[in-house]
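Protein chains in written order, with the working numbering: chain A, -8 to 624; chain B, -8 to 624.
The C-beta atom is built at its ideal place from N, Cα and C for all residues, glycine as well.
These notes are about the structure you will find just below.
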């Protein structure tokens, strides 16, 4: 059997996503650079000083560390974003800047491999002594991801060397007898080591990842014990000492783990790392433990936009079916993490469901995290909000220019910049088109695939596969769940095709054409009545996009509108609004006006047009009050 | 003009309420006595030691104070309950016990009039020095209410003397220059002084009440300043130091006051006291300030059962229209306080609305606070709950035998025992039948009224008024809002009647008979769509009773059921269940079963009978999962 197929270069062609990628490459990356250098000192953006911290740690400048203990990761995720940008197109100026950053990071790294500017500058005696909150491995993990990406994209060897030096140092420290039951309060190192292994193929990195995956939850009360042992009284986040037992996702071994109370990003980063280890170590038990929690999330704990982590209290998962629209958290990072996890699971044992959720996050839960101008960001993503809700203790109803805890901005930009990674899943002689995003991709063995797709707006997908070496292939296409019926036309000599579990599977050994007309009619989605907040309401979906009603398009408040039983609907594309967007008008929406708190009698309504926009596009105009779930007849 | 009419003796005849009153007189009062004496030491009931605290303060026993700083009030509200019981019927044994309690309280009271067993035993140096949390005036206020009631019922002069001695002491202390801007963290003294004035007609008590009403909110940060001044570090409730700014209902003068964040019982006790002062001082501005907040509550912050105070976080009011069913608090004491406030407002300027809310609280929000056996109590009253919800951080789904903070049990018993006080509102020559509860009442001027009423179950009310002195009277009857149409038959020579604002007003000067057939058909009540938790749901009301569905009567979980558009309904009385109760069957309820979290398609349903019971009767059987608001077509 010949070599397994590999992606050589994939280029996104979808106008929708090309715009976003360009936004990151042309705007966001420079904007973030200025923020990290404190060159954008408007009143509204939080200070960063992230690069200055490295200069201080490298003894190039004097001063104190500024910001969060994990401030370093903003620089790392920025660097990772740059890596993906440079993979696409040359940009000497940007590359020079990034090379300098790598050099600076190299100078800040200690000779043994350790790097955490906070601990180096402020608390050198406490290195690895307050792991509950120190984020040291979280920081180094993010560097390792960035270093690997930057090396792969630019062949900058130092970027990889720094990462390997870190990993070897961590290996030696955390596998020594004294520390072999220690781990970081915030998972991340696990998935980073998986990536480092995938790049270098050095077993020790994978073994270290497996080690961290396997010990979590087995050293009961480790953090408490360590804090006591080291007389730690002064935590970076004092209130987290009293966090619920499961906040750190380490109260029990993974096998017994529950979501309730777990910090969403911690849990998901860990699961993503565990899924990678499971695949690479062929550990079916570990895989099933991850899948069990994946199923819990997507069947009981996920907002319809894909957002997860329902409460601001610990940025955590809560009860099954507890999906409050007004107070939901749904951190942007958690949606990015869902994508990372879905992708790992896709590579283990492909199922259409993984791609479905990945798509949902891409177009909704994660994408909402960045403004249309690329320069403002949501930390939490409410399902429903009113202007000035923040004042009332609810989530923000506007994206911010920067946060003091700035994990989300660079997380969403590194995701969008690396979108090409998420289009195909390739294994042996099987190529799966997971995301129906227009692209042009070169594979090994001279295989070339061109996908024309008008998603998210249109419903047509045209695939042309050139296979000059006439290699026997399986080409699979994920057929989205939101498409009730598909017209599929496969054109290719001697090809065989079938559909099972929402996957079109074509086996062939020549060139091939596939044309698919999806059914992207509007869906009125209802929630399981266990979700008490959504009873009597519908959400509206067209193609992969969840829609919402925003105050900017409509008269009155969202609670005035009722979606009628027999909806008359008009859809239309507007080039001049929200960077090009398909709007939906409910032509016969009912408009109610109440005066009392309770009523024995039905309230009279009149007819009004209700205009909807995609969820990702909300909060880019004034006023911003919005709801995803709408009262329905 | 002859003297104003007065109620001489009113006896409740309604079988529904007679059962409850007997339960209090025969069972609850003895049960609570045992609890307060620690003679009922089951595992499930919290310890009380409330009477022992008095013996220690009186130097009759040695030891430490046990329980809350306001533990004394359990004894006071018990004594007040006894007062109302003895007003009805002789009970020598009970009277002896209560007389002894009065004597003990007298012994515990200091010579200057001060009484707080906690401060006397544990912190004599801190008397009145930590008013934010000390509850000293709250405690003495409750004694004053009890002392007045016990004196009026039994003519025990010592009971009143103790109260007056307290009041005089408080007057001298808090009107002295040094303390004239001080007040208690927990209002209560205001309404107590109003009652003491009404009993004694001594102006100084009313003036003191007015003083406390007028200064609250005008000495900005008083508690903070006092704590600092007195170096108070050790609070009875340390977490309350950081309570939100409005928790103590003193952040701004009443005129500017908002509900959000205010501890519900504190706010309502204060408003009740203020309403009393407004009436007795004929202060229209004060009255309008109280009414403004009353309107905010009933039109924007009240559950359909009358429960108020939406969050356990500070037992407080929250945002307008924030009425969460699963996590609502709705403390029993807050519903009792709503009744106290409604009653004060009724006596100021009668409106049917006040009686309507009073009725709602009586039959629903407050009554839910006590079990059918009189021996277990709800602190919070959820609108929706599942078995084991407590474990999940939600409200309790079972009544408890006693609480460590035992304010509610004696509050609900003193309310029920004094029900006769709430039937009529009398002013000059007008008698208003506010509550359509069967009763037999003697008034001054030989007026005798007999009301036959089958409420809450039936719809007929027959009123017979004997007026042998042929006094010119107005007799008014509140016609409930839930009765869409009333058949009214007034039989009396030369009587004139009209109906305005839900009040039947008959003027006459002889005997009179009135027969009213109310319309007590079932109502399907909807909530204002600003209450996002109730969208797409209905609550079911029959007469004054809000109904709910409880797991004990039905197959499956409440979220399986949908109330259909054209309901087929059967109502039937069951003598053998829940101490006699009218049940409602929805014969054609729809039963849905979901497997997914979200669905693009409608879920198939089948038909099932859904049985409902009155809300007050829930949680007296197993299993207890329950909802008031039900999904509707």
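Using a Cβ-Cβ cut-off of 9 angstroms, state whether residue -8/A counts as contacting chain B.
The predicted model places residue -8/A with a pLDDT of 47, which falls under 50 and marks its position as unreliable; any figure quoted below should be read in that light. By this cut-off, residue -8/A is not an interface position.
Consult DSSP for residue 498/B and reduce its assignment to one of helix, strand or coil.
strand
Go ahead and label residue 563/B buried or exposed: buried means 16 or more other beta carbons lie within 10 angstroms of its beta carbon, across all protein chains shown.
exposed
Any contact of the region 540 to 549 of chain B with the region 480 to 494 of chain B, i.e. 3+ C-beta pairs under 8 angstroms?
no
Rounding to the nearest angstrom, what Cα-Cα distance links residue 394/B and residue 11/B in this structure?
21 angstroms
According to the neighbour-count rule (16 or more other Cβ atoms, all chains shown, within 10 Å of its Cβ), is residue 469/A buried or exposed?
buried
Any Cβ of chain B within less than 9 angstroms of the Cβ of residue 345/A?
no
Going along chain B in order, which residues have a C-beta closer than 9 angstroms to the C-beta of residue 630/A?
Since the first residue of chain A shown is -8 and the last is 624, residue 630/A is not available in this structure.
One question on the structure: do residue 298/B and residue 372/B come within less than 9 angstroms of each other, judged by their Cβ atoms?
yes
Anyone know if the C-beta pair for residue 545/A and residue 559/A falls short of 9 angstroms?
no
By a C-beta neighbour count over all protein chains shown, 10 Å radius and 16 as the cutoff for buried, is residue 565/B buried or exposed?
exposed
What residues in its chain sit with their C-beta under 7 angstroms from that of residue 154/A, if we drop five residues either side in the sequence?
134, 135, 138, 139, 187
Tell me which residues of the region 564 to 597 of chain B have at least one Cβ-Cβ distance to chain A shorter than 8 angstroms, keeping chain order.
583, 585, 587, 588, 589, 590, 591, 593, 594
Segment contact, 8 angstroms Cβ cut-off, at least three pairs: the region 86 to 93 of chain A with the region 104 to 117 of chain A:
no
Do you know how far the Cα of residue 169/B is from the Cα of residue 0/B?
45 angstroms
Closer than 8 angstroms is the cut-off here; do at least three beta carbon pairs connect the region 399 to 407 of chain B with the region 62 to 79 of chain B?
yes
Shorter than 9 angstroms from the beta carbon of residue 523/A to some beta carbon of chain B?
yes
In terms of residues, what are the limits of the alpha helix (DSSP H) holding residue 142/B?
127 to 145
Inter-stretch contact at 8 angstroms, needing at least 3 Cβ pairs: the region 243 to 252 of chain A / the region 156 to 170 of chain A:
no
Whole alpha helix (DSSP H) runs in the region 216 to 274 of chain A with 4 or more residues, listed along the chain?
255 to 271
C-beta neighbour in chain B for residue 293/A, strict 9 angstroms
yes
Given this structure, state the Cα-to-Cα distance separating residue 409/B from residue 76/B, to the nearest angstrom.
8 angstroms
Would you decide whether residue -8/A is buried or exposed? Buried here means 16 or more other CB atoms lie within 10 Å of its CB.
Confidence is the limiting factor: at residue -8/A the pLDDT is only 47, short of 50, which leaves the residue's position unreliable and the question unanswerable from this model.
Is the beta carbon of residue 500/A closer than 9 angstroms to that of residue 464/A?
yes
In terms of residues, what are the limits of the beta strand (DSSP E) holding residue 520/B?
Unbroken run through residue 520/B: none, as it is neither H nor E.
Could you tell me which chain B residues have their CB closer than 8 angstroms to the CB of residue 290/A, listed as they occur along the chain?
587, 588
Here's the rule: buried if 16 or more other CB atoms are within 10 angstroms of the residue's CB, otherwise exposed. What is residue 276/A?
exposed
Taking the alpha helix (DSSP H) that residue 631/A falls in, what are its first and last residues?
Because chain A here runs from -8 to 624, residue 631/A falls outside it and cannot be looked at.
I want to verify the contact list: residues of chain B whose CB lies under 7 angstroms from the CB of residue 520/A, in sequence order.
550, 583, 585, 622
I'd like to know if residue 527/A contacts chain B, where contact means its C-beta is closer than 9 angstroms to some C-beta of that chain.
yes
Can residue 200/A and residue 268/A be called in contact, C-beta distance under 9 angstroms?
yes
Quick one: Cα of residue 426/B to Cα of residue 326/B, how far?
17 angstroms
From the DSSP output, read off the bridge partner residues of residue 391/B.
368/B
Return the chain-ordered ranges of every beta strand (DSSP E) run that is complete within the region 417 to 441 of chain B and spans a minimum of 3 residues.
421 to 424, 430 to 434
By DSSP's criteria, residue 376/B is part of a beta bridge. Which residues make up the other side?
617/B
Rounded C-alpha distance that separates residue 58/B from residue 48/B:
14 angstroms
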